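Notes follow once the structure below has been shown.
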Amino acid sequence: MSALEHASISAKTASPSRRRRRQKWLPYLLSLPALLVTVWIVIPFFTAIYYSLLRYRLSLPQLKGFVWFDNYLHFLSDGRFWYTVQVSLLYTVITVVVELVLGLGIAILLQRSTRFNNLAAMLLLLPLMVAPALAALMWKLMTNPNFGILSYLVGLIGLTNFRWASDPSTALFTVILVDVWVYTPFIMVLLLAGLRSLPKQPFEAAALDGVPKTFVFFRITLPMLMPYILTASLFRMLESIQQFDIIYAMTQGGPGNTLTVFQVESYLQFFQFTNVGRSAALLMVLWAITFFLSNVFVKNWLRLRERAQGISEE
Amino acid sequence: MYDQERDLIAALAGHRIGRRDFMRRASQLGLGAAAMSGLMGQMASSALAADSSFDWKAHKGTTLKLLLNKHPYADAMIADLDAFKELTGMDVTYDVFPEDVYFDKVTAALSSSSSEYDALMTGAYQTWTYGPAGWLVDLNDYIQDSAKTAGTWDWDDVLPNLRASTSWSGVPGEALGGKGAKQWALPWAFELNSISYNKRIFDQQKLEVPKNLPDLMETAAKITKDVSGVYGIGVRGSRSWATIHPGFLSGYVNYGAKDFTVDGGSLKAAMNSPEAKTFTADWVKMIQESGPKNWSTYTWYQVGNDLGAGASGMIFDADILGYFQNNGDTKEKGNIGFHAFAANPDAKEPTPNVWIWSLAMSNFSTKKDAAWYFMQWATSKEHDLFGAVKKDMVNPVRQSVWDNDDFKTRIAQNAGYLEQFKASEPGAKIYFTPQPLFFDVTTAWAAMLQRLVAKELPVDEGLDQLVASIDDQMSQAGLQ
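Quick note, the sequences are listed as chains A and B, same order.
So the first sequence is numbered by our numbering: it starts at 148 and just counts up by one.
So the second sequence is numbered by our numbering: it starts at 5 and just counts up by one.
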């Protein structure tokens, strides 16, 4: 008798009650890995919440104790905290919008699958392969006023005293420039995939009817592409609001307090100032903002996906 | 090992021949530089082993793990590690991290009570966090225990200001090295702040080395104006404590300014005193007129590299920064000169603040006694001399090494280095008020300097704002 036949007979001969018991536990067994992953995520999360409720500075261990929501309440009257919220959101909005516009533009230019376009798309992806911290260091060298190539180039157009990330008035612009350089290809590749996967019929019908290209773009392409745009924006928004590498490597949050975004401020609070309570509270606020924005994006994404499906079915 | 070589080491260890004779005879035996380094290390361990009253083999078979920062001092120690292994029969492993992330790694390892590392490199300022947090061992117990400490180790040979600067009671505002101070770390090698300048440029321009801040501003402005592609003075400017502690604080205290006034245990920020405002206004003006254009991103790395590349005329920073540029593979190799510097025209002596790379013992180590043996060896006269003569372990922390002829010969190849050291050393110590919010305070201070240099607000107003903000932080931390 083969092993397979033996197993088959055993299964047939198993009592109904045993079978029922097995079936009862099966869903729990199948969901066990997901449960373990959730626990793995939830433990640090709740630990961070716990720390955020403490007055806890490693250099002053004698003062450690529960202060409940004092860390959060302190933020309300702290101008630096509100500046952190403001600059983090500004950075996020500008980088996502600029990268979206550029990424969409490039994706449209490369929409047709030709050998040149495919090669160009591949080459344009290269900045995405560079670690953001390394990209920041590269740009730091390129913008060095003494020998940087970009400083030389802007000098040719008369901007001889342009100080890039060293000047409070241009620091935000400079780090956004690096972010755009690194992450525009990400948007481009997602939207390019979206554009190439759109159904052809609506476009063919529009062409037959002689519909103007701008109308096609705004009334057909863009709505159908919207789920992709929202997905790309969601990913970029999550990344941008938590930006650390580029800003810290280029400015350490300066000049002055110009670029003290959430992650930089939180990192400094923990690793430099050893203020665990404040650092954790900052991260919890960041989590709340991210959670809220993600929800808005996901709800819109679902709505627009339904709408886009409606268009393609028409 | 051949008999001749063994005899040669024995002769040196037994002080029957001098170090120069040793070098000469070693070269006659056809020993290259690497072999010489090895011999020097073995000689050192032989000399230590010659102290028969101390059992260096007490922890034979133990393996220690070190946490190290990538630095010439760590390189010197690693190059000599075989000597320690031979002396003690112990094994040593280590992790080396670049400076950018080194202290993050230390904080992560120690705050998690990890027993992975037995000893680590640290700066004195960091011990103001690590010590009170209970992460480090007070080394006084070991230093004073003759059963655990070799008689030849000679703690008193370590420069007194450095011994004091690495010990603190843990009470905010109490003087370093005062009564009840705990020895959180052993000084290993250090840097003080003086002027390192490009002799070639100074000779070409017929310039005198500046003696005080008004002189410095004038000379720096002249270099910026007259020498194409070169700016006058390099100083640090990043948004970090590292911007405050070198040239800035050395000049600041020379003007009679303090970071805090301490009154009955209460610390009050003093960055807006008249002396502080006078000095800061000049400092800011100096950077605006003659500093690097992207000063606010400058760390020690850029300051040093610009001097070595001939992009700056001089720096007011760590003396060893100039030393490494003068002796490394740089464009201006051999062209760097050194000079002591008292910023205040009315001051009699320089008051350089110091950075001390030190060795500390983790409180979570399960091999503390063995770790102490390593720390003794790594801070011994023998290893300090090896590092100073054969490697780049300058500045050595021991007086005996500064008095050593071989070291003097080596250091004399750097124009003015010994002279600047002799003039600076008596006043070289940590001038910060020790307190647990050191990094908060100095980061806020550096951020304010950046705003002042960017002309975001006037110096007086900026320093008043800084003091209000720091006082608020001190108050929240219960230090006021």
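In this text, a Cβ means the ideal position worked out from N, Cα and C, and glycines have one as well.
Predicted model only: the values in this text are computed from it and were never measured.
Would you mind working out which of the options sits nearest residue i, comparing C-alpha positions?
| i | options | result |
| --- | --- | --- |
| K262/B | F283/B, S119/B, W245/B | F283/B |
| S173/B | V162/B, E195/B, G138/B | G138/B |
| F213/A | Q258/A, W434/A, I196/A, M384/A | I196/A |
| T239/A | L342/A, Y395/A, Q389/A, R452/A | Q389/A |
| D468/B | Q480/B, E293/B, S300/B, M452/B | M452/B |
| Y201/B | G338/B, F390/B, T437/B, A416/B | G338/B |
| A346/B | G251/B, N216/B, F390/B | N216/B |
| A62/B | F328/B, K89/B, P296/B, D476/B | K89/B |
| M125/B | P136/B, D79/B, W157/B | D79/B |
| W429/A | D217/A, S206/A, V184/A, L205/A | Checking the sequence, you will find Leu at residue 429/A rather than Trp. The shortest C-alpha separation from L429/A is found at D217/A. |
| P2/B | G233/B, V110/B, P102/B, P176/B | What the structure shows of chain B is the stretch from 5 to 484, and residue 2/B is not part of that stretch, so it cannot be assessed. |
| L363/B | D142/B, D108/B, T66/B | D142/B |
| S313/A | A280/A, M397/A, A267/A | M397/A |
Could you list which residues in chain A have their beta carbon closer than 7 Å to that of residue i, in chain order?
| i | result |
| --- | --- |
| F443/B | Q419, F420 |
| S244/B | Q399 |
| G269/B | What G269/B touches in chain A: nothing, since even the nearest Cβ is about 14 Å away. |
Given that residue i touches chain C, what residues does it touch there, using C-beta distances under 8 Å?
| i | result |
| --- | --- |
| A137/B | Within the model displayed, chain C is absent; protein chains A and B are what it includes. |
Mind reading off the beta-carbon distance from residue i to residue j? Whole number of angstroms is fine, and I expect it under 8 Å.
| i | j | result |
| --- | --- | --- |
| N367/B | L166/B | Not confirmed; about 22 Å, so no contact. |
| A113/B | Y121/B | 6 Å |
| E460/B | P292/A | The pair is not a contact, with the Cβ atoms about 19 Å apart (cut-off 8 Å). |
| T355/B | S254/B | 6 Å |
| N243/A | M335/A | Reading off the sequence, residue 243/A comes out as Val, not Asn. Incorrect: roughly 14 Å between the Cβ atoms, too far for contact. |
| L163/B | S428/B | Their Cβ separation, rounded to whole angstroms, is 12 Å, which puts L163/B and S428/B out of contact at 8 Å. |
| G401/A | R240/B | The pair is not a contact, with the Cβ atoms about 12 Å apart (cut-off 8 Å). |
| W304/B | F194/B | The pair is not a contact, with the Cβ atoms about 14 Å apart (cut-off 8 Å). |
| Q187/B | I248/B | With a Cβ gap of about 25 Å, Q187/B and I248/B do not count as contacting. |
| I434/B | V358/B | 6 Å |
| E293/B | G314/B | No, E293/B and G314/B are not in contact; Cβ-Cβ is about 20 Å, not under 8 Å. |
In terms of residue numbering, what span does the alpha helix (DSSP H) encompassing residue i cover?
| i | result |
| --- | --- |
| T331/A | 318-344 |
| D468/B | 463-480 |
| S235/A | 226-256 |
| M397/B | First-last for M397/B: undefined, no H or E at that position. |
| V408/A | Looking at the DSSP string, V408/A is not in any alpha helix (DSSP H), and its letter there is neither H nor E. |
| F193/A | 163-199 |
| D108/B | 103-115 |
| L297/A | 296-303 |
| I340/B | Segment 340-343 is the beta strand (DSSP E) holding I340/B; no alpha helix (DSSP H) there. |
| K459/B | No alpha helix (DSSP H) contains K459/B, which DSSP labels as neither H nor E. |
| D84/B | From DSSP, D84/B is part of no alpha helix (DSSP H); its letter is neither H nor E. |
| R402/B | Element bounds for R402/B: n/a, residue is neither H nor E. |
| R310/A | From DSSP, R310/A is part of no alpha helix (DSSP H); its letter is neither H nor E. |
So residue i is in the beta strand (DSSP E); what residue range does that whole segment cover?
| i | result |
| --- | --- |
| E195/B | 190-202 |
| F320/B | 316-322 |
| M365/B | 358-365 |
| A123/B | 123-127 |
| T235/B | Note that residue 235/B is Tyr in the sequence shown here, rather than Thr. Its beta strand (DSSP E) spans residues 235-238. |
| S270/B | 270-273 |
| V266/B | 264-267 |
| N73/B | 67-73 |
May I ask you to check if the CB of residue i is nearer than 6 Å to at least one heavy atom of the ligand FAD?
| i | result |
| --- | --- |
| Y414/A | For the ligand FAD, the structure offers nothing, since it holds no ligand at all. |
Quick one: which chain A residues come within Cβ less than 8 Å of residue i?
| i | result |
| --- | --- |
| W132/B | S206 |
| G308/B | By Cβ distance, chain A contributes nothing, its closest Cβ being about 14 Å from G308/B, past 8 Å. |
| K481/B | Per the sequence presented here, residue 481/B reads as Ala, with Lys not at that position. By Cβ distance, chain A contributes R204, L207, L210. |
Report the neighbours of residue i on chain B: residues whose CB is nearer than 7 Å to its CB, in chain order.
| i | result |
| --- | --- |
| R310/A | K297, N298 |
| D314/A | A458 |
Using a cut-off of 8 Å between C-beta atoms, extract the partners of residue i located in chain B.
| i | result |
| --- | --- |
| K287/A | T301 |
| N291/A | N298 |
Residues of the stretch 315-327 of chain B in Cβ contact with chain A at a cutoff of 7 Å, in chain order, please.
A315
Short of 7 Å Cβ to Cβ, which residues in the stretch 104-121 of chain B face chain A?
D108, T111, S115
At a CB distance below 7 Å, what residues from the stretch 247-263 of chain A approach chain B? Give them in sequence order.
none
Using a Cβ-Cβ cut-off of less than 9 Å, give me the residues of the stretch 280-297 of chain B that come near chain A, in sequence order.
P296, K297
Give the residues from the stretch 388-415 of chain A that approach chain B closer than 8 Å (Cβ to any Cβ), ordered along the chain.
M397, T398, Q399, G400, G401, P402, G403, N404, L415
Selection of the stretch 227-241 of chain B by Cβ proximity to chain A, strictly under 9 Å:
G233, Y235, G241
For the stretch 427-454 of chain B, which residues have a CB atom closer than 7 Å to at least one CB atom of chain A, in sequence order?
P440, F443, D444, T447, A451, Q454
Mind checking the stretch 343-370 of chain B against chain A and listing, in chain order, the residues whose C-beta falls within less than 9 Å of any C-beta there?
none
Return the residues of the stretch 169-184 of chain B that lie within a Cβ-Cβ distance of less than 7 Å from chain A, sorted by chain order.
none
Which residues, in order along the stretch 176-198 of chain A, keep a beta-carbon less than 9 Å from a beta-carbon of chain B?
none
Counting only Cβ-Cβ distances shorter than 7 Å, please list the residues of the stretch 92-104 of chain B near chain A, keeping chain order.
none
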